[in-house]
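In the numbering used here, the protein residues as written are 209 to 646.
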C-alpha cells in the first residue's frame, strides 16, 4: 500500500515524493489508515521509524480537507514532545510536509523568548509543537487556548513521564475538548503509561513495530568493562579509529559532559556539547555544526537521546550508562537510522554493573563483550564507608580525564578490587543514582 492508496491527497503525496519519501515505513502503514478513519492511536515504535509522518500526515490531510482558519490564540492540532530538540525536529518535518499550503506550523519551547512566542500565537495556528512546560507557561499567561484543539499527539510519551511531566500532562488534558482525536507514541511502556493512556485515549487502536525495549536490528552493540579512570583513554582510542565518522557520546550529568567535551577538544577532536546548561541557541548551533560535518563528535546528556535525527551517525558511545534502562535504547537509536548500519559501544565501570543488568533485562538480551571481564560484586565483602572528603573511586582527580591509572583508596585497594571480579568501590552497597537534569 502506498501513501495515495492510504487516502492522502495527491498534492501531499507529491510533496513527500519531492523529499524522497516514497515507500511508507511499517509504523506509517499501520497508523496512517487508522488515524484517517478518526481512531485514537497508541503507537509503539522506536525512534527513527518514521513516527512524525505517521501522526503528522493524517492531521495535515484532515486539516487541509476542513479548510478552516484557526481562531486567535488557538491551535487546531497540538503535538507535545519531551525535549526542545525533538520538538524542533518535529516542527521542521511538519513544515516540510505543509510547504506551499495554507497551514501554519508553530514551535514553542523553553530557552527562547516567551514574549515573541506570545505575539506569534495571537493569530492562532494550525499545528502547534510544544514542550509541556512552555505550553503551561503560555496558557497561564492567557497566550494560548486549547478549547478548539481537534487533534492531539503525545510523542515519546514515556520520556515525558520520565522527565516528570505527568502533572503537566494531567492539567493539559483538562483544557482540551473531549471531542478530539488523540495519538500517543512511545518506544517503551512503563506502568504509568496505562494511567496516561486512560486519561487521553478513547478506545484506541494499538499499532506496534518493535517490541518495547528492543533495539534496531542493524545496531552492532558491544560493552567494554573498564574502570572510570581509564574511560577517557579508551574513548580517545576508539573515536580516533573513526575520526571522519560522526559519533555521539552520552554522559550522565551536565557537568560531566561539558568536562568530557573540553577533554576531547584538547585531544584534537572536532567536538561540541549539548545539555541543560546550554542556551537553546548554543544547542541549535551545536546540532547544526554536527549535521554539516563541521564537528564530528557530539557529547550530550539524555536531552539529545530522542531529539537528533541525523542519518549518518555511525557510532554511539555510552560513556556513562543511563540510570533509566529504557533510555539506553533511545540513546543507541541515534545510529542505524533510516535503514543504515551503526555501532553502539557501552563503557561499564564497576559501580555501573547494576545499570548494565537492568539494561540487558529490559532488552531481554545480553550485550556482547568487547573487552574486559564482567565485574562481580556478589562475592566481595563490603568495604568500610569512605570518610567525607576522601578520594573518590574513578581514578584521577576531575573524573579521570587524561587516562591516568586509578588511584588507590583508604585501605590501599584499587577501585573495583583492582581487577575484573573485584569488589564494589566505596562501601559495597549500591547507592541510588542521581538523575541528571536535561
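Beta carbons are placed, not taken as given, at the ideal position from N, Cα and C, and that holds for glycine.
Fill in: Candidates 582, 348, 578: closest to residue 564 by CA position
Start at 1 with the first residue of the chain shown, and residue 564 comes out as number 356. With distances taken between Cα atoms, residue 564 lies closest to 582.
Fill in: residue 439 beta carbon less than 9 Å from that of residue 527
Here residue 527 refers to the residue found at position 319 when the chain shown is read from its first residue. Here residue 439 refers to the residue found at position 231 when the chain shown is read from its first residue. Taking 9 Å as the Cβ cut-off, residue 527 and residue 439 qualify as a contacting pair.
Worksheet entry | Three-state secondary structure assigned by DSSP to residue 268 | As a position in the chain shown, residue 268 is number 60, starting the count at 1. Note: residue 268 maps to helix in three-state DSSP.
Worksheet item: Using the beta-carbon count (16 or more within 10 Å), is residue 437 buried or exposed?
Response: Here residue 437 refers to the residue found at position 229 of the chain shown. So residue 437 counts as buried.
Worksheet entry | Given residue 473 as reference, the closest of 524, 484, 447 once Cα atoms are compared | Position 265 of the chain shown holds residue 473. Nearest option by C-alpha distance: 447.
Worksheet item: Would you report the Cα separation of residue 210 and residue 240, rounded to the nearest angstrom?
Response: On the chain shown, position 2 is the one that residue 210 refers to. On the chain shown, position 32 is the one that residue 240 refers to. Roughly 11 Å separates the two Cα atoms.
Worksheet item: What residue does the alpha helix (DSSP H) around residue 647 start on, and which one ends it?
Response: The displayed coordinates of the chain run from 209 to 646. Any statement about residue 647 would go beyond what the structure contains.
Worksheet item: Alpha carbon to alpha carbon, how far is residue 284 from residue 525?
Response: Residue 284 sits at position 76 when you count from the first residue of the chain shown. Residue 525 sits at position 317 when you count from the first residue of the chain shown. Going by the C-alpha atoms only, they are around 40 Å apart.
Worksheet item: Taking the DSSP output, what are the residues bridged to residue 433?
Response: By 1-based counting over the chain shown, the position of residue 433 is 225. According to DSSP, which records beta bridges pairwise, residue 433 is partnered with 556.
Fill in: Three-state class that DSSP yields for residue 572 in the structure shown
The sequence position of residue 572 within the chain shown is 364, counting from 1. In the structure shown, residue 572 sits in coil (DSSP, three-state: anything other than H, G, I, E or B).
Discussion item. Going by beta-carbon coordinates alone, are residue 292 and residue 511 separated by less than 9 Å?
Written reply: One-based indexing of the chain shown puts residue 292 at position 84. One-based indexing of the chain shown puts residue 511 at position 303. A contact, by the Cβ cut-off of 9 Å.
Worksheet item: Near residue 518, what residues of its chain come up, given a Cβ to Cβ distance below 6 Å and the 5 sequence neighbours on each side ignored?
Response: Here residue 518 is taken as the residue at index 310 of the chain shown, counted from 1. 499, listed in sequence order.
Item to complete: Mind the definition here: the stretch 264-277 touches the stretch 343-355 only if three or more C-beta pairs lie below 8 Å; say whether that holds.
Response: The count of Cβ pairs closer than 8 Å, one atom from the stretch 264-277 and one from the stretch 343-355, stays below three, leaving the stretches out of contact.
Discussion item. Only counting the same chain, and skipping five residues up and downstream in sequence, which positions put a Cβ closer than 6 Å to that of residue 414?
Written reply: As a working mapping, residue 414 is identified with position 206 in the chain shown. Once the five neighbours on either side are set aside, the close Cβ partners of residue 414 are 250.
Discussion item. For a minimum of 3 consecutive residues, which ranges assigned as the beta strand (DSSP E) are wholly contained in the stretch 447-528?
Written reply: 454-458, 479-482, 505-508, 521-526
Practice prompt. Measuring alpha carbon to alpha carbon, tell me which of 268, 227, 223, 222 ends up nearest residue 243.
Written response: The sequence position of residue 243 within the chain shown is 35, counting from 1. Residue 268 holds the alpha-carbon nearest to the alpha-carbon of residue 243 among 268, 227, 223, 222.
Worksheet item: Which residues in the same chain as residue 393 place their Cβ atom closer than 6 Å to its Cβ, once the five residues preceding and following it in sequence are excluded?
Response: As a first step, residue 393 is located in the chain shown; it is residue number 185 there, counting from the start. Excluding positions up to five away in sequence, the list reads 251, 259, 363.
Item to complete: Out of 331, 327, 335, 328, point me to the one whose CA is closest to residue 301's CA.
Response: Position 93 of the chain shown, counted from the first residue, corresponds to residue 301. Ranking the options by Cα distance to residue 301, first place goes to 335.
Fill in: Run of the alpha helix (DSSP H) containing residue 414, from where it starts to where it stops
The residue given as residue 414 occupies position 206 in the chain shown. If you look at residue 414, you'll find it isn't in any alpha helix (DSSP H); it sits in the beta strand (DSSP E) that goes 413-416.
Worksheet item: Does the distance from the CB of residue 352 to the CB of residue 313 come in under 9 Å?
Response: Counting from one through the chain shown, the residue named residue 352 turns up at place 144. Counting from one through the chain shown, the residue named residue 313 turns up at place 105. At least 9 Å separates the beta-carbon of residue 352 from that of residue 313.
Worksheet item: Which runs of the alpha helix (DSSP H) fall wholly inside the stretch 256-336 and span at least 4 residues, in chain order?
Response: 259-274, 292-306, 322-329
Item to complete: Would you mind giving the Cβ-Cβ distance between residue 567 and residue 552, rounded to the nearest angstrom? I have them listed as a contact below 8 Å.
Response: Counting from 1 along the chain shown, the entry for residue 567 is found at position 359. Counting from 1 along the chain shown, the entry for residue 552 is found at position 344. At roughly 11 Å, the Cβ-Cβ gap does not stay under 8 Å, so residue 567 and residue 552 are not in contact.
Worksheet item: If you compare alpha carbons, which of 410, 366, 391, 450 is closest to residue 401?
Response: Translated into positions along the chain shown, residue 401 becomes position 193. It is 366 whose Cα lies nearest to the Cα of residue 401.
Worksheet item: Just reading off the beta strand (DSSP E) that residue 252 is part of, what are its end residues?
Response: Locating residue 252 in the chain shown gives position 44, counting from the first residue. For residue 252, the enclosing beta strand (DSSP E) starts and ends at 249-252.
Item to complete: Kindly indicate the opening and closing residues of the alpha helix (DSSP H) around residue 537.
Response: Position 329 of the chain shown, counted from the start, is the residue given in the question as residue 537. Segment 533-540, the alpha helix (DSSP H) holding residue 537.
Item to complete: Closer than 6 Å by C-beta to residue 343: which residues in its own chain qualify, once you throw out the five before and the five after it? Chain order, please.
Response: For the purposes of this step, residue 343 is taken as the residue at position 135 of the chain shown. The answer is none, since no qualifying residue turns up.
Worksheet item: Where does residue 373 sit, in a helix, a strand or coil, going by DSSP?
Response: One-based indexing of the chain shown puts residue 373 at position 165. Residue 373 falls in the coil class under three-state DSSP.
Item to complete: Indicate whether residue 213 and residue 278 have their beta-carbon atoms separated by less than 9 Å.
Response: Numbered from 1 along the chain shown, position 5 holds the residue referred to as residue 213. Numbered from 1 along the chain shown, position 70 holds the residue referred to as residue 278. In this structure, residue 278 does not lie closer than 9 Å to residue 213 by Cβ.
Worksheet item: In whole angstroms, what is the alpha-carbon distance linking residue 467 and residue 538?
Response: Your numbering for residue 467 matches position 259 in the chain shown. Your numbering for residue 538 matches position 330 in the chain shown. Each residue's CA atom was taken as its position, placing residue 467 and residue 538 some 23 Å apart.
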